[in-house]
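Visitor:
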Amino acid sequence: MDLEGTDGRERGEDDTTFEKQSALFALAVSDIVLINIWCHDIGREHAANRPLLKTVFEVMMRLFSPRKTTLLFVIRDKTKTPFRNLESILREDIQKIWKAVHKPDSLKNTPLSEFFNVEIFALSSYEEKERKFKEEVAQLRQWFFRSISPGGLAGDRRGVIPASGFSFSAQQIWKVIKENKDLNLPAHKVMVASVRCEEIANEKFSRLTTDERWLTLEAEVKKGPVQGFGKKLSSILEFYFNEYDTEAEFFDEEVKNAKRNQMVSRVLEFVYPSYVVMLGHLRSKASEDFKKRFERSLNDGEGFASTVRKCTKICMLEFDQGSADAAVQQANWDPSKFREKLCQDIDRHALSIQNEKLSGMIASYEKRLTEALSQPVRSLLEASGKDAWASIRKILQHETEITVSKFSADIAGFELDKDKVDNMVQNLRNHSRNVVENRAREEANNVLMHMKDRFSTIFYHDNDSLPRTWTGEEDIKTITKDARAASLKILSVLAAIRLDEKPDTIENILTSSLMNEGVATCGSSSDPLASSTWEKVLEKDTLITPVQCKSLWRQFKAETEYMVTQAITAQEAYKRRNNWLPPPWAILAMFILGFNEIMLLLRNPHYLVIIFVLYLLSKALWIQTDIGRAFQSGPFVGLLSILSQLLPSVMNLLKRLTEEAHVYTNPEPTMPANSHSFRSQTLQSNPDTNTILDPSAATNVESAESSNVDSCFDD
Numbered sequence: 001m002d003l004e005g006t007d008g009r010e011r012g013e014d015d016t017t018f019e020k021q022s023a024l025f026a027l028a029v030s031d032i033v034l035i036n037i038w039c040h041d042i043g044r045e046h047a048a049n050r051p052l053l054k055t056v057f058e059v060m061m062r063l064f065s066p067r068k069t070t071l072l073f074v075i076r077d078k079t080k081t082p083f084r085n086l087e088s089i090l091r092e093d094i095q096k097i098w099k100a101v102h103k104p105d106s107l108k109n110t111p112l113s114e115f116f117n118v119e120i121f122a123l124s125s126y127e128e129k130e131r132k133f134k135e136e137v138a139q140l141r142q143w144f145f146r147s148i149s150p151g152g153l154a155g156d157r158r159g160v161i162p163a164s165g166f167s168f169s170a171q172q173i174w175k176v177i178k179e180n181k182d183l184n185l186p187a188h189k190v191m192v193a194s195v196r197c198e199e200i201a202n203e204k205f206s207r208l209t210t211d212e213r214w215l216t217l218e219a220e221v222k223k224g225p226v227q228g229f230g231k232k233l234s235s236i237l238e239f240y241f242n243e244y245d246t247e248a249e250f251f252d253e254e255v256k257n258a259k260r261n262q263m264v265s266r267v268l269e270f271v272y273p274s275y276v277v278m279l280g281h282l283r284s285k286a287s288e289d290f291k292k293r294f295e296r297s298l299n300d301g302e303g304f305a306s307t308v309r310k311c312t313k314i315c316m317l318e319f320d321q322g323s324a325d326a327a328v329q330q331a332n333w334d335p336s337k338f339r340e341k342l343c344q345d346i347d348r349h350a351l352s353i354q355n356e357k358l359s360g361m362i363a364s365y366e367k368r369l370t371e372a373l374s375q376p377v378r379s380l381l382e383a384s385g386k387d388a389w390a391s392i393r394k395i396l397q398h399e400t401e402i403t404v405s406k407f408s409a410d411i412a413g414f415e416l417d418k419d420k421v422d423n424m425v426q427n428l429r430n431h432s433r434n435v436v437e438n439r440a441r442e443e444a445n446n447v448l449m450h451m452k453d454r455f456s457t458i459f460y461h462d463n464d465s466l467p468r469t470w471t472g473e474e475d476i477k478t479i480t481k482d483a484r485a486a487s488l489k490i491l492s493v494l495a496a497i498r499l500d501e502k503p504d505t506i507e508n509i510l511t512s513s514l515m516n517e518g519v520a521t522c523g524s525s526s527d528p529l530a531s532s533t534w535e536k537v538l539e540k541d542t543l544i545t546p547v548q549c550k551s552l553w554r555q556f557k558a559e560t561e562y563m564v565t566q567a568i569t570a571q572e573a574y575k576r577r578n579n580w581l582p583p584p585w586a587i588l589a590m591f592i593l594g595f596n597e598i599m600l601l602l603r604n605p606h607y608l609v610i611i612f613v614l615y616l617l618s619k620a621l622w623i624q625t626d627i628g629r630a631f632q633s634g635p636f637v638g639l640l641s642i643l644s645q646l647l648p649s650v651m652n653l654l655k656r657l658t659e660e661a662h663v664y665t666n667p668e669p670t671m672p673a674n675s676h677s678f679r680s681q682t683l684q685s686n687p688d689t690n691t692i693l694d695p696s697a698a699t700n701v702e703s704a705e706s707s708n709v710d711s712c713f714d715d
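full-length UniProt numbering numbers the first residue of the sequence shown as 1 and each following residue consecutively.
#1: Is it buried or exposed, W214, if we count other Cβ atoms within 10 angstroms and call 16 or more buried?
#2: Can you tell me where the beta strand (DSSP E) holding F116 begins and where it ends?
#3: Quick one: residues in its chain with C-beta nearer than 7 Å to the C-beta of K54, no 5 flanking neighbours on either side, listed in chain order?
#4: Under the three-state reduction of DSSP, which class applies to W553: helix, strand or coil?
#5: Helix, strand or coil: how does DSSP classify S696 here?
#6: Does DSSP put F205 in a helix, in a strand, or in coil?
#7: The alpha helix (DSSP H) with V271 in it runs from where to where?
#8: Quick test of the definition: if touching needs 3 or more C-beta pairs under 8 Å, does the segment 565-573 touch the segment 468-476?
#9: Count the other CB atoms, across all protein chains shown, that sit within 10 Å of the CB of G301; report buried if there are 16 or more and exposed otherwise.
#10: Under a Cβ-count criterion, where at least 16 other Cβ atoms within 10 Å of its own Cβ denotes burial, should M278 be classed as buried or exposed?
#11: CA-CA distance, D334 and A28?
#12: Return the CA-CA distance between L208 and E136, expressed in angstroms with no decimal places.
#13: I'd like the span of the alpha helix (DSSP H) that includes T480, first residue to last.
#14: Leaving aside the five residues before and after T699 along the sequence, list all residues of the same chain whose C-beta is less than 6 Å from its C-beta, in chain order.
#15: So what does L72 bridge to, in DSSP terms?
#16: Between L396 and S432, how many whole angstroms is the CB-CB distance? I'm expecting something under 8 Å.
#17: Measure the Cβ-Cβ separation of I32 and L90 and say whether it is below 8 Å.
#18: Could you tell me how far apart the beta carbons of F319 and L351 are, in whole angstroms, since I believe they sit closer than 8 Å?
#19: Alpha carbon to alpha carbon, how far is Q262 from F270?
#20: Tell me the DSSP secondary structure of T312 in three-state form.
#21: Output the boundary residues of the alpha helix (DSSP H) element that contains L543.
#22: Among A154, E127 and V74, which has the Cα closest to the Cα of K68?
#23: Return the chain-ordered ranges of every beta strand (DSSP E) run that is complete within the segment 310-397 and spans a minimum of 3 residues.
#24: Between which residues of its own chain and I200 is the CB-CB distance below 7 Å, once the five residues before and five after are set aside?
#25: Does chain B have any CB closer than 8 Å to the CB of I610?
#26: Could you tell me the distance, in whole angstroms, from the CA atom of Q548 to the CA atom of P467?
#27: Leaving aside the five residues before and after G151 along the sequence, list all residues of the same chain whose C-beta is less than 7 Å from its C-beta, in chain order.
#28: Who does H461 pair with in a DSSP beta bridge?
#29: What distance in whole Å lies between the Cβ atoms of S297 and C311, which are believed to be in contact at a cut-off of 8 Å?
#30: Starting from the Cα of R76, find the closest Cα among I42, A286 and L647 and give me that residue.
#31: Using the C-alpha atoms, what's the distance from L233 back to E119?
#32: Which word fits H461, buried or exposed, when buried means at least 16 other C-beta atoms lie within 10 angstroms of its C-beta?
#33: Taking only three categories from DSSP, how would you classify A154?
#34: Judging by CA-CA distance, which residue of I35, R196 and I236 is the nearest neighbour of Q330?
#35: For C39, which residues from the same chain have a beta carbon less than 6 Å from its beta carbon, with the 5 sequence-adjacent residues on both sides left out?
#36: Does the segment 408-427 come into contact with the segment 482-492, if we say contact requires no fewer than three beta-carbon pairs (one atom in each stretch) closer than 8 Å?
Shown next, in the form of structure tokens:
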């Protein structure tokens, strides 16, 4: 059944009208009764139907046997007040009404839950939030599906009767209600005042929403801040509030004031968004002014922290003046939230600029540290001298202290707390250490190349850094040992990071295990390099493990073995090329065994002349065929080369001798005064000589020719 409201204006002022009776009739015959309550009326004595409920409760207990009926209170036009708070207040009011009801002795201690099951639901405003209102109504509709099932929305249904008897039962209930005279509702004039004041308030609100002054002000404030916003809006609102007071002057005072308060709340809620927009403009303007002032002050060289304080004070003062100008007289709106947000904006911007500048400074100093440390550390590690790590520590400490001192002076203007400054300084120290460690790791990755370069430098150059010539005087074994020792020094230097001045035994272990491999193998059964860690060295400081050192050394020896072999081969070749005499013992044996032949030569001098001539011819052939150079490529190749050149060399030698003899026998008259003219004069002084050369002359000629060939070879 859909009944007219309990405060409908059609019911009149009679205490026993149909509307009063219909309310009790609804409670009596229904399982579920929906009661509409305006959200603003909750907690009020009359508007919330308190007298009606009190009367209904008393009559219900007096006329009918107890049965549980569901009272579903539907709160209309709910506001921003949380639903939980509204429900609590409403239930508390219902409970108070129940306690105040006069009960028969038999029902004196009966709780409200014995008669009624109270449920509460809230709906949004249909005019303002139509879509949400329909969604909530659809949700409420779901409560009625299967409402008479166990646990449903309906009550216990103890008084339910068959459908065939409902008509007679309803007639009897209505008869009892009509005969009862105890029901009492609010007076008619209160109802009239309530309806009329509501109409006046709605009419004033409607006019306000279309007021030209308000629309103009609203449009202006959307574009930007409006000077005198508070005064203009207060004047508009005051005009409509005064009109309401004039038209509602003679209505019930309590109702009039209640409706006026509702109208004021509604109007202020309507204009509040424009006030929020106005404060938003003031906040944005103050924030932008802060950024501009702040940037100019920083460019002028002022301290960061002092600049922040000065600019913040100026901008907050401007905002306070603007928010005071935008204040509305009829509202008690607090701009503190916007002021807090402005402070947060300023702090956030200042912090971002601070972080940006600090990040730039830190990056600059880190770059400076990297440039100052990278190359010197690399040079020291490549040289791997005796005090390489001591020098690195000294450079690291020196550059770090200089950088930290300059950095501390530069950030003093930020006025940071000590912990943050200490943290940034420590990060700079860590960065400098990381630069050294990273450079050390890079060099450790190239340790084999550095070892081979060091070996090559020492092996191929003497103490004066001059290239070695492999003659028979160099001690290749000693040179090789020295070069390997120098290479091993690089390996020991790059095996671990030594920035903490802690002693270690890496160099001793490597020297004893790798340089004295034979002694170490015979003297100890355990290999000190068969490990993945160094003694007294942390794992994070280890660059090359003992096992890796052993493997690198093995690879290093294999790749440098060719240099040693090549040097030995060159030395032996030099000895063979420059030492043609047999060993001393062979010479002694030849002298003893050939004593008779020697004496024979001494007794017959002409044999010596023949041998001497043969020596000259052999010498000439030697020079002509360049036997020494031919045998440098190997004995077999040299032999083939000599055999291929032997016949042409002999023919060339005979030809030259013939030409020389012809010169002696046919001298030129205009021959210049040189060795040839001297030879011609000699021939002319001996006209009886018909041979090409006598033995002595042949000897002189061969000696001269031999000297010429030697000089040509040397050239």
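Even glycine gets a Cβ: it sits at the ideal position worked out from N, Cα and C. Predicted, not measured: the structure shown is a model, and the values here were computed from it.
Guide: Looking at the coordinates:
#1: buried
#2: F116 to A122
#3: I97, A100 and V101
#4: helix
#5: In this prediction, S696 scores a pLDDT of 36, lower than 50, which makes its location untrustworthy; no coordinate-derived value is stated.
#6: helix
#7: E253 to N299
#8: yes
#9: exposed
#10: buried
#11: 51 Å
#12: 30 Å
#13: I476 to V493
#14: Any answer about T699 is weak, because its pLDDT of 35 lies below 50 and its placement is not dependable; what the coordinates show is given next. There are no such residues.
#15: L34 and E119
#16: 6 Å
#17: no
#18: Actually they are not in contact, since the Cβ atoms of F319 and L351 sit about 19 Å apart, beyond 8 Å.
#19: 12 Å
#20: helix
#21: Element bounds for L543: n/a, residue is neither H nor E.
#22: A154
#23: none
#24: Y244, E247 and A248
#25: Given the protein chain composition of this structure (a single chain), no chain B is represented.
#26: 33 Å
#27: none
#28: P467
#29: 7 Å
#30: I42
#31: 43 Å
#32: exposed
#33: coil
#34: I236
#35: I75, D77, K78 and T79
#36: no
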